[in-house]
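Report on the structure given below.
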Amino acid sequence: MKVTVSLMIIILMTSGYSYSRSIDTVTYQVNTIGASELQVWIFLNLRDDERISRRNNMTQFNSEYKIEIRNNENDATAGSGIINWNQISPNNKFIIGKFELSKNLIQEIVKPENNYYLFTQSDIKVIINNQSDTTIERNIVISPAELKDATLQKLIFSEEYFNMLLKKYGDASFLYGNYIDAGAEVNTDDSSQSNYVMQFNYTAPLLFSKYFSIAASGRFSTKSNDPLSRFSVFPMYNYLYFNKAVPMQLTLFSGIEGNQNFTTQMFSAGGGAQAIIPNFINFTGGENRIRLKPILKVGMKWLKEYRTEDRSGQLGNDGQIFGELYYFIPVYKSYSILLTGNTFNNFTGNTSGNGWLYQYNLTLGVELPVTGFNVIAKYSQGSNDVNYEYDSQLILGLMMGLFER
């Protein structure tokens with residue numbers, strides 16, 4: 002009798018332990034075939050002889066569970082989705098939460114700080130049955146508190162998935178290409194006066210179209226004749242071309258360019274192709290930092306000056322070949338280097354004959370948890386592609402804020 006009682010106690014203790022947690026593990030899966038979606042696989046704590054019942058797919062049990070990815074700092078929602086019962090196969094031991102893989106969601110989940118969790122307004126109820134005898138059933142109930150505890154700071158977004166997304170979109174500029182910064186120049190011509198510089202870049206869809214967008218960029222200074230200052234505004238047509246090796250984005254554009262005091266203005270039209278190239282610099286020092294791949298762009302454009310006061314009124318009608326590089330390099334745990342550069346050659350027209358000219362910007366910054374990306378210093382050197390003047394400048398004390406897309 003004592004043996005029987007002891008055995009029953011052991012069985013009850015074992016059963017209680019088996020069912021003490023509804024969730025075993027939670028992982029990400031990324032689907033880029035057809036619809037782009039982020040899937041969260043919630044593996045349940047089941048015995049070997051148990052499975053998720055197909056009765057969960059039936060109409061009377063298929064109430065839609067809405068699920069969210071939330072930020073634990075402020076409980077803000079990064080993405081919304083649903084539990085998809087229809088993807089449950091006979092041997093599955095997990096349920097799937099599906100989220101539309103929007104660019105805003107990607108911007109959130111690829112951040113270095115991993116402070117997200119899954120949230121649902123109500124309990125998730127799952128019917129479980131025995132594999133050999135489907136009439137034997139039990140219910141698993143996942144409370145919002147248990148779901149948060151099982152997922153908080155555990156939704157690891159791997160570099161492999163991130164690279165898949167870059168290939169899917171063929172364009173990483175939506176992640177970090179939009180910015181605005183301002184600061185003071187060091188060693189100006191007149192040491193009694195400070196020269197302040199503001200620079201920005203912004204690209205956004207035009208009329209909610211996935212093919213048409215508008216891009217604006219500029220560099221303005223309190224020194225009216227600053228050799229490096231310029232502006233440009235371009236409506237663009239974009240087409241993403243995918244292949245097995247390198248995804249490419251083809252662009253047609255037309256717009257206006259000029260210097261900051263508008264003494265030189267020109268109309269330009271042309272096209273280009275940009276691609277994501279392999280990483281060739283690693284300064285992470287083993288830290289868990291996502292290394293975004295560099296973007297290389299090449300193209301050609303036609304320039305028609307319709308105003309100039311810098312070259313005795315000689316209006317240009319030029320053809321130009323150009324190349325651009327954009328490379329965000331993480332440095333150890335929280336520092337970053339942003340390398341941007343362009344080279345160009347006016348091969349025909351009044352401004353031809355100078356060969357290849359260039360300009361590059363090297364920006365050092367530190368990423369802070371709350372305020373974002375703070376720029377420590379920026380060094381610029383080279384020739385302006387509007388007035389072709391050469392200069393080098395060091396800017397200190399900048400603050401950079403990323404535009405939200």
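Okay, so the sequence shown: first residue is 2 according to this note's numbering, each after it adds one.
The C-beta atom is built at its ideal place from N, Cα and C for all residues, glycine as well.
Small disclaimer: the values here were computed from a predicted structure and weren't measured.
Inclusion of S218 and P206 in the CB contact set at 7 Å is not warranted, their separation being larger than that value. Just so you know, the alpha carbons of F235 and G184 end up roughly 26 Å apart. In the displayed model, T223 falls within coil according to three-state DSSP, outside both helix and strand.
Just so you know, the alpha carbons of Q30 and E147 end up roughly 21 Å apart.
Under the three-state reduction of DSSP, T152 is assigned to helix. Within the DSSP bridge table, the entry for S337 names P331 and G366 as partners.
According to the DSSP secondary-structure assignment, A205 is paired through a beta bridge with I215. If you ignore the 5 residues before and after S335, its C-beta comes within less than 7 Å of the C-beta of V367 and E368, all in its own chain and listed in chain order. Taking a 10 Å sphere around the C-beta of V376, we find 16 or more other C-beta atoms and assign the residue as buried. The criterion of a C-beta distance shorter than 7 Å is not satisfied by N362 and Q321.
DSSP, read as helix, strand or coil, puts L297 in strand. Here the alpha carbon of A216 sits roughly 32 Å from the alpha carbon of E69.
Beta-bridge partners assigned by DSSP to D319: L304. In this structure, the beta-carbon distance from T152 to V27 falls below 7 Å. As the crow flies, the alpha-carbon of I282 is around 29 Å from that of Y240. For T136 and I129, the gap between their C-alpha atoms comes out near 10 Å. DSSP, reduced to helix, strand and coil, places N385 outside both helices and strands of the structure shown, so it counts as coil. The residue from I96, L119, I84 and N140 with its alpha-carbon nearest to that of N72 is L119. R56 has no beta-bridge partner at all, per DSSP.
Beta-carbon to beta-carbon, Q154 and G98 are separated by about 17 Å, too far to satisfy the 8 Å threshold.
Residues of the same chain with a CB within less than 7 Å of the CB of E288, apart from the 5 flanking positions on each side, are Y333 and K334 in chain order. Bridge partners of K94 according to DSSP: none are assigned. The secondary-structure analysis by DSSP pairs S393 across a beta bridge with Q382.
Annotation: E186 to M249 spans about 37 Å, alpha carbon to alpha carbon. For M301, the number of other beta carbons within 10 angstroms of its own is below 16, and it is reported as exposed.
Beta-bridge partners of P236 (DSSP): I215. Rounded to the nearest whole angstrom, the CA to CA distance from Y203 to D392 is 24 Å.
When beta bridges are read from the DSSP output, G354 appears opposite no residue. Bounds of the beta strand (DSSP E) holding Y117 are Y117 to F120. Inter-residue distance for P295 and K224 is about 33 Å (C-alpha atoms, whole angstroms).
Between the alpha carbons of I181 and S381 lies a gap of roughly 16 Å.
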